[in-house]
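Residue numbers (the UniProt record's numbering): 1 to 510.
C-beta atoms are modelled at their ideal positions from N, C-alpha and C, and glycine is treated no differently.
Structure, as structure tokens:
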Amino acid sequence: MSDLDQAVRDVVKGASIVYVGLFLELLIAFVAQVVAARYLSVGDFGGLTAGTALLDVGSIVAGLGLASGLTRYLPRVEAAQKRLLGLFTVGVTGLTSTILGTGVALNASFIATRIFGDPSVTVSIRIFGMAIPFAALLNVAVGGIRGQERSTDRVLVKNIVQPLARMTLVAAAVWYGLGQAGLAGAYAVPYAVSAIIGLALFYRSLPDVSTVVETNLVSEVTRYSLPFTISDVSSFVYRSSDIFLVLYFLGGAATGIYGVAYAAVSFMGMFSTAFNFLGTPIASRLENEGDIEEVMELFRSVVRWLIVASVCALVPLAVFATDFISIIYQSKYASGGPVLAVLALGFAAKNVLSIHNSILQAVARSKTLSANTVIAAVSNLLLNVLLIPRFGLVGAAIATLLSFLIRDGLAAVQVYLTLGSSPLTPSALRPLVPAVPFLLIVWTVVAPATPGTFLWLLAVTGLTATVYTVVVLVAFGLSETELMIIRSAEEQYGLDFSRIDWLITRLAKR
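Set out below in structure tokens:
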């Protein structure tokens, strides 16, 4: 069996599990978020959005990038060193996150009033500050699980336990009328539950044998990991600093509308996240064996279908953006429609370009990734400061789109310069050719004739996705790697494609 064939099998087996898990997570989290948005006022939902953003950045700072270190080094170190390496990273993260979380919780009033200029978010900041240690430990546990390539455990912790706990607690908070504080607690407590379970599963995945971890290894892991703190904080800034800046410039109500638009588009991230979850360790293994071109072959097939999936998602999230928000979240958030459309375009580009970050991480270019993200973060801050006062929420969305293009576009160029090859070949990008006229037809012809109801939106989305996918298959066929993916899926899951085997064979010859 070739290395590429084995990599394809690993992706089919692992990524499919992660896709199912991501879908469940996003669906449950989506329902919980819709319930919260409908129940709370627009301003209170803005406070909840700001609190979750603060929790994210706090867990990143406290984690010191050690989750990324585990992802890279666990597949490479000897079995006897894995357990103590895991314990070291968990211990350090627990200490730093407890110090930071305590500081945020005790100073919540100052942060809300003096920094954000909105005392109404004090409760959310205090509650989410107390959850920072659990969020940081959860990140480390997931990083270790990634390094062990235990997709099922990751799905259980991140995609099932956490969203189910959130949904249950959100429903309880709404039922008992607990308001902003109750909803903030419903969002924060699941981090503690999933962190405990995640750490237990990570520990169980480690070999029973252990030995003294070499000082050089600890030093190497730390040096590799620390730049990811800068990278991840910068990544947060380029992804989510707009939440804080919208709160500062436009207030809590605008933050709630922007938070709804950003949450609605999060489904698009599912397309690339599942592959990137396994892409780094698998690419690292192939690169370690000198199989760079096989890495690229795998990623080229992924690029093609990320384009297809993203174009299909643009129909409900960009073409019908205002209808989507009004139907799902109520008309009080309808002004977020243009914001959602711009963000959807940004996420579509990010889906395709972000796979280059997995390649750079696999070949130990953590400093390069950090530099890219710092550049994107600084650009995002400057763009937000310039665009939000002038264009409001749409300006924040444009800043986010441009920052996605800056960071992931730089990574695409650097992969080519570093390895002399790229996933972005003409054959991989061919689905873009019919995408533009397809979306124009939907926008100018289909959309004006479609009633703004849930069933119509669902039907049009399904029909247009089917038509576009068929056009891509008929026009461009299947690559050799895609054929391998289909055959691997047959073998892994006992599927029977015998009735359409003639069609698969014909498409593979195009």
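Its Cα nearest to that of residue 432, the residue 473 stands out among 473, 396, 251.
Sorting 245, 197, 47 by C-alpha distance to the C-alpha of residue 386 places 245 at the top. Taking a contact to require three or more Cβ pairs closer than 8 Å, the region 127–134 and the region 46–56 qualify as touching. Residue environment analysis places residue 351 among the buried positions, since at least 16 neighbouring C-beta atoms fall within 10 angstroms of its C-beta. Note that the C-beta distance between residue 399 and residue 383 is below 8 Å. In the three-state DSSP reduction, residue 345 falls in the helix class (H, G or I). In the DSSP assignment, residue 388 falls within the unbroken alpha helix (DSSP H) covering 366–391.
Put simply, the backbone Cα of residue 104 is about 52 Å away from that of residue 445.
With distances taken between CA atoms, residue 381 lies nearest to 239 out of 239, 439, 147. Three or more Cβ pairs closer than 8 Å define a contact, and the region 178–185 falls short of that threshold against the region 134–142.
For residue 332, the CB contacts under 7 Å within the same chain, skipping 5 residues up- and downstream, are 42 in chain order. Under the Cβ criterion (8 Å, minimum of three pairs), the region 58–71 counts as touching the region 225–239. DSSP places residue 320 outside both helix and strand once states are collapsed to three, so it counts as coil. The continuous alpha helix (DSSP H) containing residue 124 extends over residues 122–130. In the three-state reduction of the DSSP assignment, residue 394 falls in the helix class.
When DSSP states are grouped into helix, strand and coil, residue 363 belongs to the coil group. Around residue 322, the same chain offers 334, 337 as residues with beta carbons nearer than 7 Å, after the five sequence neighbours per side are excluded.
According to the DSSP assignment, residue 72 belongs to the alpha helix (DSSP H) that extends over 66–73. Sequence-distant partners of residue 26 (beyond 5 residues in either direction) whose C-beta falls short of 7 Å from its own C-beta, in its chain, are 266, 267, 270. For the pair residue 354 and residue 408, the CB atoms are nearer than the 8 Å cut-off.
Per DSSP, residue 330 is not a residue of any alpha helix (DSSP H), being assigned neither H nor E.
Straight across, the Cα-Cα distance linking residue 173 with residue 401 is about 34 Å. Sequence-distant partners of residue 111 (beyond 5 residues in either direction) whose C-beta falls short of 6 Å from its own C-beta, in its chain, are 125. Distance from the CA of residue 479 to the CA of residue 303, rounded to the nearest whole angstrom, comes to 12 Å. Ranked by Cα distance from residue 430, the options 145, 116, 307 are led by 307. Contact between residue 258 and residue 393 holds: their C-beta atoms lie close to 5 Å from each other, under 8 Å. Here the alpha carbons of residue 32 and residue 56 stand approximately 18 Å from one another. Listed in chain order, the non-local C-beta contacts of residue 235 below 6 Å within the same chain comprise 373, local neighbours out to five positions each way being set aside. In this structure, residue 237 lies away from residue 348, with their beta-carbon atoms at least 8 Å apart.
A distance below 8 Å between beta-carbons, with the five flanking residues on each side excluded, links residue 367 to the following residues of its chain, in chain order: 227. For the 8 Å CB-CB criterion, residue 46 and residue 252 form a contact. 8 Å or more divides the Cβ of residue 190 from the Cβ of residue 82. In the displayed model, residue 118 falls within coil according to three-state DSSP, outside both helix and strand.
Sorting 475, 36, 470, 101 by C-alpha distance to the C-alpha of residue 312 places 470 at the top. Going by C-alpha positions, residue 299 is about 40 Å away from residue 330.
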